[in-house]
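Novice: To convert, take the position in the sequence shown, counting from 1, and add 29; that gives our numbering.
Here a beta-carbon is modelled for each residue, glycine too, at the ideal position from N, C-alpha and C.
Here the structure is a predicted model, which is why all the values come from computation and not from measurement.
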Amino acid sequence: MAGIAEKGEEKAWAILRTLAPEHVCRAAVAAYDAVSNRYTVQCYGMLFIVDLHERTITSSDGGSSLFLGKLSDFFRISLLWYLVNSKEVPCTGRLVKLQQISGGDIFARGSHILPLDSIAETYGKSREGFLQKGTEFGGEPASMGDAALRLFPFPRTPLVLVLWLEDEEFPARADLLVDSTCELHLATDIIWSVSMMTVLAMAS
Numbered sequence: 030m031a032g033i034a035e036k037g038e039e040k041a042w043a044i045l046r047t048l049a050p051e052h053v054c055r056a057a058v059a060a061y062d063a064v065s066n067r068y069t070v071q072c073y074g075m076l077f078i079v080d081l082h083e084r085t086i087t088s089s090d091g092g093s094s095l096f097l098g099k100l101s102d103f104f105r106i107s108l109l110w111y112l113v114n115s116k117e118v119p120c121t122g123r124l125v126k127l128q129q130i131s132g133g134d135i136f137a138r139g140s141h142i143l144p145l146d147s148i149a150e151t152y153g154k155s156r157e158g159f160l161q162k163g164t165e166f167g168g169e170p171a172s173m174g175d176a177a178l179r180l181f182p183f184p185r186t187p188l189v190l191v192l193w194l195e196d197e198e199f200p201a202r203a204d205l206l207v208d209s210t211c212e213l214h215l216a217t218d219i220i221w222s223v224s225m226m227t228v229l230a231m232a233s
């Protein structure tokens, strides 16, 4: 996959070490401890520690094991590049489909297609189950579809998962929307990584 993701974690760690912590904190809405050389970032309602010296990402939150384990390949590279590239730009609140962002055509091809059908299959008859699962990841109800969740993978990159329940006429379906500013903070392939991680987490 072309773009920043190909440069990998090592490149992100190297760049992050060169950035002024005060700039990173403002841009990424993070905190920094100079003594331990660590950033603290809220992701999915949980606090994660990014240790520049040890090059580790950890959390004491019980729900973090999914992101540090099964989904770690998505999570680590996404968080690191978020810290490197995020800008001090607030969200607009204007939601767009992934295909509408620059380079968004990748979301309609092959393995890059998000498995949103897994969300529909899991929660197509359970609005309450969908909303309850979202609260595990710091989600907030939103007014769209039959049920919707606003999730914050990272502080400046909210996304919204929308669910339409199964009925007599139509099968259940789900969609994912992002704030129009997302591509100011993340490259397209990292937006894909964050989106895929979110869908897999909700379907887990």
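Please list the segments of the alpha helix (DSSP H) lying wholly inside the stretch 172–232, counting only runs of 4 or more residues, in order along the chain.
Specialist: Within the stretch 172–232, the complete alpha helix (DSSP H) runs of at least 4 residues are 211–214 and 217–232.
Novice: Quick check on the DSSP output: the alpha helix (DSSP H) that includes A59 runs from which residue to which?
Specialist: Taking the first residue of the sequence shown as 1, we reach residue 59 at position 30. First-last for A59: undefined, no H or E at that position.
Novice: Specify whether the stretch 102–111 and the stretch 187–201 touch according to this definition: at least 3 beta carbon pairs, one from each stretch, less than 8 Å apart.
Specialist: no
Novice: If we ignore side chains and look at the alpha-carbon of each, how far apart do H52 and H214 end up?
Specialist: Numbered from its first residue, the sequence shown carries residue 52 at position 23. Numbered from its first residue, the sequence shown carries residue 214 at position 185. One C-alpha to the other measures close to 14 Å.
Novice: Helix, strand or coil for I148, going by three-state DSSP, please let me know.
Specialist: Position 119 of the sequence shown holds residue 148. Residue state, collapsed to three classes: helix.
Novice: Buried or exposed for T210, going by 16 or more other Cβ atoms inside 10 Å?
Specialist: Working through the sequence shown from its first residue, we reach residue 210 at position 181. Answer is buried; the Cβ neighbour count reaches 16.
Novice: Using a Cβ-Cβ distance under 8 Å, would Y152 count as near chain B?
Specialist: Absent from the structure: chain B. Only one protein chain is present.
Novice: What residues match up with P170 in a beta bridge as DSSP calls it?
Specialist: Position 141 of the sequence shown, counted from the start, is the residue given in the question as residue 170. Answer by DSSP bridge pairing, in chain order: L178.
Novice: Give every residue of the same chain whose Cβ lies closer than 7 Å to the Cβ of L145, excluding the five residues on either side of it in the sequence, and list them in chain order.
Specialist: For the purposes of this step, residue 145 is identified with residue 116 of the sequence shown, where counting begins at 1. The answer, listed in chain order, is A203, D204, L205 and V228.
Novice: Are there 16 or more other CB atoms within 10 angstroms of the CB of G153, so buried, or fewer, so exposed?
Specialist: The residue given as residue 153 occupies position 124 in the sequence shown. Result: buried.
Novice: My output table needs one value for I130: the three-state DSSP class, helix, strand or coil.
Specialist: Translated into positions along the sequence shown, residue 130 becomes position 101. In the structure shown, I130 sits in coil (DSSP, three-state: anything other than H, G, I, E or B).
Novice: Considering F77, what are the terminal residues of the beta strand (DSSP E) in which it resides?
Specialist: The residue you call residue 77 lines up with position 48 of the sequence shown. Here the beta strand (DSSP E) through F77 covers M75 to D80.
Novice: Excluding the 5 residues flanking F199 on each side, which residues of the same chain have their C-beta closer than 8 Å to its C-beta?
Specialist: Taking the first residue of the sequence shown as position 1, residue 199 is located at position 170. Excluding positions up to five away in sequence, the list reads W193.
Novice: Going by DSSP, which residues form a beta bridge with T87?
Specialist: Here residue 87 refers to the residue found at position 58 of the sequence shown. Answer is I78.
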